[in-house]
Each structure stands twice: as C-alpha cells, then as structure tokens.
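Data first, discussion second: the structure below is written as structure tokens.
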Amino acid sequence: MRLLLVATPFWDTESPAFALVQLASYLKQEAPWLTTTIVDFNLLAPDLHQALEGVVEGIHPRYFHWGDAFAALDEPAHATPDALLTADKIRLLVDVMAEAVLRYDADAIGFTVNLATWFLTLPLMEALRAARPDVLLIAGGPHISLLDEVARHVALPGFEARLAKLSLVVVLREGEATLQDVLSVWAEHRCLPTPIAGAVHFRAERVSRGPSRPPVQNLDTLPSPDYRDFGLQTAGAFASVHVELTRGCVNHCRFCSDPGYWGKYRRRCAAKVRADLAAVRPATFAGVLRLADSGFYPGLRDQDQILEAFASLRPRATWSAYTTARGLTPVHARDLFAAGCRLLSLGVESGDDEQLARMAKPCSPDLALTALAAARDAGHQTEASMVVCFPGETRSSLARTLDLVDRIGSATRLKVFEFMPAVFSRFVSSRPAQWSTYFSDTPRADAVCVGPHVYYHPPLYCDPAVRDRAYDELAQRGLRVDGFPRATALRRPGMEKSP
Ligand code: B12
Ligand code: SF4
C-alpha cells in the first residue's frame, strides 16, 4: 500500500516538515508493509513559484510567507497578505499541487495541517477527492485538532459538511499510533467499519468519532527521524533539520496551547538522543539542527549526557532551542554554547510582575535581563518574545513592558505578539461558555480567520487606548506587533459563503 504524506506551502523553509518525517519513520518501523513518500511543498516552494510565474500576473515571489509579504508591500502591520492571494492564485497553486500529488498514485494521502496552510490544504483535498473518489484522505496536526475541538463546543455550520464530502479521516493530536491503526484497518477493509481511537471520520452518513487516545507514554519507543528516506531529497539538500527531545512543557503558561496539546511533559533518554543525532547528522549538510521542542529547560535529568551527545557531533553541528529564563545561569549558557548551541529563544512576555503572575509565566523582568545577558556573554544569539494586551494590561503595566524592551536593547531580537486566546490553552479551557463568542462561522468586519468557515472574533482584553499605545510605542522602537490589531476582515476570497 502506498502512502503519500503532504505539507502545503507557506514557508520557503530548508528543513523538511518534521511531523511528516517523524510519522514516516514510525510507520517504517511499525508497518513495514507500507511504502511512504513525503512531498513537502515548502521545500519545493521556489519551483512552485516558477510554475506560476508569468501565468498569474503580479504574483509575489514569496506569496506564501506572510512576513515577507508584509515587508514587500510596505503595508501597515494590520494589512493582510490576502490581497496577494486572490482566488485565481489560490486555484492555480492548488491545481499545480494536485497534479503533482496525483502523479504518485497513492492509496492514502495524509496532510499535516496548521493554521497558516489550512486555506490551501482544504481546496487541495477537495481537488484530490474529485479526481480520486477511492483514495483515503487523512489530515492531522495542531490546526485540524484545534478546529475539531472548536466544532465540538460551538456550532460551525458548513465545517462538518465540507469534511464529510471529503470523507476525511482526522487524526487528533499525537499521530503515530492512530495513523498506523487507520492505515491497517483501511489496508484490510478498504473502509473504516468501526471508530478508531484518536480519529474522527467525517462521513456523509454520520460522523464516526473514536475514543480519545492517551499520549505516547514512553518517547523512547519512537524511532529516530529518518531524513534520508521517503523521497525527500528530490527537493535538494537540507540546510537544517529538526530533532525532538521532549513533548509538552514543564510550565503551564495560561496563554499557551502547547501543554494542553501535548499533555504530560515527556522526554527521550540521553541514549536515544545520541541515536537521533547520529541518524540525522548525515542529512544536515550545512550542519544546523533545530529542536522541535516547546522548550529545552535548564537542569534536565541526563542533561550533561545530552549536551555531550550534541558536542560530540563530528563534523561539528550548531543548533538552536527555545528555553526559559529561569535556570539559565552563566554556567548553563556556557555549557549550551560548548555543545554547539548558538541561538536561544526565551519567552519573556511582559515587564510587569502582576501580568506575569496572571499569565502564570515563571519569569520576572530581572530574571529575563540576567538570563539574556548570560546567554549573550556565553556567545549565543538571543531572541525574546513578549505578549501585549493580555487581560489586565493597563497603561502602567505596558509602560513597564516598554521599559523592559528598552533595557533588553537591540542586541536581542524581540518578537512581540498581541494576546489572542489559543485553543488548548488554560485561558480558553477555563471559559467554555465563551467559546461561542470566540469562534463563529459568520464573517464579521472585526473577525480574524483561523481557517475556512471558522472565524475568530478577537475580543479586546484591555482598553483600546492601551492597545493603540502598545502598537505606537513599539513601532517607534522599530518593533512590529505580530497579531491582528484593529482587525479588518481577514476574509480570503471565496470563503465568505458557506459551502
Ligand atoms: C518547529 C516549529 C515550526 C517550524 C517547522 C519546521 C519544520 N520543518 O518542521 C517553522 C519555524 C517552519 C514553523 C513555522 C510556523 N509555525 Co510552527 N511550530 C514549530 C513547533 C515549535 C514544533 C513543531 C514540531 O515539529 N513538533 C514535533 C512534531 C512531531 O509534532 P507535530 O508537528 O505537532 O506533529 C505531531 C502531531 O501534531 C500529529 N500530526 C501532525 N501532522 C500530521 C499529519 C498527519 C497525516 C497525521 C496523521 C498526524 C499529524 O502527529 C505528529 C506526531 O505525533 C510547534 C510547537 C510545538 N512544540 O509543537 C510550532 C507550531 C506547530 N507552529 C505554529 C505556527 C502558528 C506556525 C506558523 C503559522 C507561524 C507563523 N505565524 O508564521 C508557521 C507555519 C509554517 C507552515 N509551513 O505551515 C503553531 C500551530 C498552531 C495551529 N493552530 O496550527 C504551533 C503549535 C506553535 C503554537 N503553539 O502556536 N513552526
Ligand atoms: S509559553 Fe513556553 S514556557 Fe510557557 S507553557 Fe508555553 S512552551 Fe511552556
């Protein structure tokens, strides 16, 4: 049986979609009767662009990259790239991808779905269903899991019907074992007669929902990622690849979806990490590794052995990681640097202690400054992320954040986000009654689109004047807030109507 795993384009990244490599490696170990191929359109993005160039007038060379689209247009921060993505361009992109996918003549096609690519993935699946009524279509990943979670709390007219037309099997959250079960049953019966744990089958008759599946208990049972197989290298050499040491997070910040999505914090043992690094090293031609972990936390058990494994990579590879200020001492920062780490990203979030307490963020402005200084002194490049307009934000809390921004200075790259409630976060989970005010199927002028036919109305959690000030003050410091400020409709062409 032939399985094709697909990622639709959004970034022109040089690292293959880790989720797909991870799933394919798992299936190679557990279901050797399958032949799996990966098509990552992110890696093929330049070719796709070439295919479209000249056909659609004025297409942006990197239309799939929001950040660049903003920069190229020189638009204010709240402009959307949708102007670049007219219905024609989306259609053409989908047709080009569908043609490429159909050439593989797969029995089953799995898509990794996230927020940014859903608007391409859905029409692509529809094109494939029209061409291949017999093929098994599967979708998994954070965004489709989120949409399903929303649909269970709030009526989303059109959502189920559209997925039912596709006869789509959605794999929720961690995908390894569920995907294997779906494919095994399909291989035997060419249909899914009974519900499968962790999966939802959207069908014309009725939705068939399996019981939830517990997370992988022991991460050491998962194989090392295999970047040399699955046909990926037809896309060329990779400048970097991802590895994964842990799933989940030791913290539980209220705004963050990661702990809710992954469940219990789990980690691979040092011996497995060594094996992973040995496995991926030959694929990293430029020698850059990235950790897919939510965070690499100072003071892990086995940490010395893990760092030793990184340090012993020959030829030397560099890597980057998300981490926390708490515990990032000068010694730890130096140990990380000695092990090849060169970029540390820290969640700093706010300069106001009360806001940090409301966020349940284990940080303080002093701790952040000390940790960033320790990281820089050890030689790392540093990044810090901040969240503005979290509930409770006032002029004075904002002033303290701006003060921290100034004290951090330009040696650290700052990323600022406007707070938006995230599904799976503690903030949203504790307010089920408010779901319907967050999500709706009816486009509104102030709506933010999180996927076809699901609109998110960002409520404002602080005085609008405070938000305006945040945007203005940060702009004066050369910083752009990543969010949907003063949201105009983010409607994509053709998405105004229900299916
Ligand atoms: C590394 C990373 C990236 C890298 C990815 C590099 C790469 N080549 O893989 C880069 C920097 C490119 C990136 C970009 C973006 N990212 Co990102 N990223 C992550 C991060 C930190 C790790 C992802 C990962 O590899 N995890 C490990 C793998 C094994 O997990 P996984 O991808 O979730 O896959 C598992 C399951 O979800 C499921 N699954 C996934 N796909 C599929 C497919 C099938 C068929 C099946 C059956 C199952 C399945 O099974 C997998 C194994 O268990 C996560 C946060 C996190 N800790 O998970 C955010 C995260 C995935 N990113 C996120 C976002 C928003 C983005 C961007 C949109 C950011 C932006 N605004 O530009 C872009 C979109 C890029 C794109 N092409 O779509 C969000 C997604 C939220 C959502 N609702 O979709 C996350 C969850 C962070 C967050 N909490 O907000 N990202
Ligand atoms: S924001 Fe960072 S530290 Fe907090 S829960 Fe999320 S991943 Fe963990």
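For any residue, its number in the working numbering is found by taking its place in the sequence shown, counting from 1, and adding 97. Ideal Cβ positions, reconstructed from N, Cα and C, are used throughout, including at glycine.
- Expressed to the nearest angstrom, what Euclidean distance is found between the alpha-carbon atoms of His477 and Trp416? Position 380 of the sequence shown, counted from the first residue, corresponds to residue 477. Position 319 of the sequence shown, counted from the first residue, corresponds to residue 416. Their Cα atoms are separated by approximately 11 Å.
- Using the rule of at least 16 other Cβ atoms within 10 Å of the residue's Cβ for burial, across every protein chain shown, is Asp565 buried or exposed? Position 468 of the sequence shown, counted from the start, is the residue given in the question as residue 565. Classification of Asp565: exposed, given that the 10 Å Cβ count is below 16.
- Query: Of the choices Thr420, Leu265, Pro356, whose alpha-carbon is the least far from that of Arg387?
  - Reply: As a working note, residue 387 is residue 290 in the sequence shown. Per the Cα distances, Thr420.
- Query: Helix or strand or just coil, what does DSSP make of Gln119?
  - Reply: If you number the sequence shown from 1, residue 119 lands on position 22. Helix, per DSSP.
- Spatially closest choice to Gln277 from Ala114, Pro106, Ala121, by CA coordinates: Your numbering for residue 277 matches position 180 in the sequence shown. Here the closest residue by C-alpha is Ala121.
- Task: Answer with buried or exposed for Ser527, where buried requires no fewer than 16 other C-beta atoms within 10 angstroms of its C-beta.
- Result: Taking the first residue of the sequence shown as 1, we reach residue 527 at position 430. So Ser527 ends up on the exposed side.
- Near Glu172, which residues of its chain fall below 7 Å by C-beta distance, leaving aside the five closest residues on each side in sequence? Here residue 172 refers to the residue found at position 75 when the sequence shown is read from its first residue. Residue placement at Glu172 cannot be trusted, given a pLDDT of 34 that sits under 50; the coordinates are not used to answer.
- Message: Tell me whether Ala389, by its Cβ, gets closer than 6 Å to a heavy atom of the ligand B12.
- Response: Position 292 of the sequence shown, counting from 1, holds the residue named residue 389. True, at least one ligand heavy atom lies under 6 Å from that Cβ.
- Item | Any residue whose CB is nearer than 6 Å to a heavy atom belonging to the ligand SF4, listed in chain order | Cys346, Asn348, His349, Cys350, Cys353, Asp355, Pro356, Ser391, Gly392, Thr421, Gly444
- Task: Could you tell me whether the Cβ atoms of Gly384 and Ala408 are closer together than 7 Å?
- Result: Here residue 384 corresponds to residue number 287 of the sequence shown, with the count starting at 1. Here residue 408 corresponds to residue number 311 of the sequence shown, with the count starting at 1. Not in contact: Gly384 and Ala408 (Cβ atoms no closer than 7 Å).
- Message: Whole angstroms are fine: how far does the CA of Val485 sit from the CA of Met456?
- Response: Working through the sequence shown from its first residue, we reach residue 456 at position 359. Working through the sequence shown from its first residue, we reach residue 485 at position 388. Those two C-alpha atoms are separated by around 11 Å.
- Is it the case that the CB of Val268 approaches a heavy atom of the ligand B12 more closely than 6 Å? Here residue 268 refers to the residue found at position 171 of the sequence shown. True, at least one ligand heavy atom lies under 6 Å from that Cβ.
- Which runs of the beta strand (DSSP E), 3 residues or longer, sit entirely within the stretch 254 to 311? 266 to 268, 296 to 298
- Message: Threshold first: 4 residues or longer. Then list the alpha helix (DSSP H) segments lying entirely within the stretch 315 to 398, N to C.
- Response: Counting whole runs of 4 or more residues, the stretch 315 to 398 contains the alpha helix (DSSP H) stretches 355 to 359, 367 to 377.
- Compute the minimum distance between the beta carbon of Ile235 and the heavy atoms of the ligand B12, and state whether it is under 6 Å. In the sequence shown, the residue the question calls residue 235 occupies position 138. At least one heavy atom of the ligand B12 is nearer than 6 Å to the Cβ of Ile235, so yes.
- Please report the Cβ distance between Phe536 and Val247, rounded to the nearest whole angstrom; I am assuming they are in contact, meaning their Cβ atoms lie under 8 Å. Position 439 of the sequence shown, counting from 1, holds the residue named residue 536. Position 150 of the sequence shown, counting from 1, holds the residue named residue 247. Going by Cβ atoms, the distance from Phe536 to Val247 rounds to 5 Å, so yes, they are a contact pair.
- Query: Is Ala195 buried or exposed, if buried means 16 or more other CB atoms sit within 10 Å of its CB?
  - Reply: On the sequence shown, position 98 is the one that residue 195 refers to. Ala195 comes out buried.
- Task: Please report how far the alpha carbon of Pro462 lies from the alpha carbon of Asp373, in whole angstroms.
- Result: Reading the sequence shown from its first residue, position 365 is the one you call residue 462. Reading the sequence shown from its first residue, position 276 is the one you call residue 373. Their Cα atoms are separated by approximately 36 Å.
- Task: Could you pull out every residue in the same chain whose Cβ sits closer than 6 Å to the Cβ of Lys458, ignoring the five residues on either side in sequence?
- Result: Residue 458 sits at position 361 when you count from the first residue of the sequence shown. Only Cys350, Glu446 meet the Cβ criterion.
- From Asp560 to Thr491, what does the alpha carbon distance come to, in whole angstroms? Numbered from its first residue, the sequence shown carries residue 560 at position 463. Numbered from its first residue, the sequence shown carries residue 491 at position 394. Spanning the two alpha carbons is a distance of roughly 7 Å.
- Query: Among residues of its own chain, excluding the 5 on either side of Val563, which ones have a beta-carbon nearer than 8 Å to its beta-carbon?
  - Reply: Residue numbering aside, residue 563 sits at position 466 when the sequence shown is read from its first letter. Cβ within range, chain order: Cys486, Glu490, Thr491, Arg492, Leu495.
- Message: Between the stretch 286 to 305 and the stretch 337 to 355, can you find at least three pairs of beta-carbon atoms closer than 8 Å?
- Response: No, they do not touch.
- Could you tell me which of Gly437, Ala436, Thr534, Ala468 sits nearest to Leu425, measuring between CA atoms? Translated into positions along the sequence shown, residue 425 becomes position 328. Selected option, being the one with the closest Cα: Ala468.
- Between the Cα of Val513 and the Cα atoms of Ala454, Gly575, Pro556, Ala470, which residue gives the shortest distance? Walking along the sequence shown from the start, residue 513 turns up at place 416. If we check each option's Cα against that of Val513, Gly575 comes out closest.
- Which residues mark the beginning and the end of the alpha helix (DSSP H) in which Asp450 is found? What you label residue 450 is simply residue 353 of the sequence shown in a count that begins at 1. DSSP places Asp450 in the uninterrupted alpha helix (DSSP H) bounded by 450 to 456.
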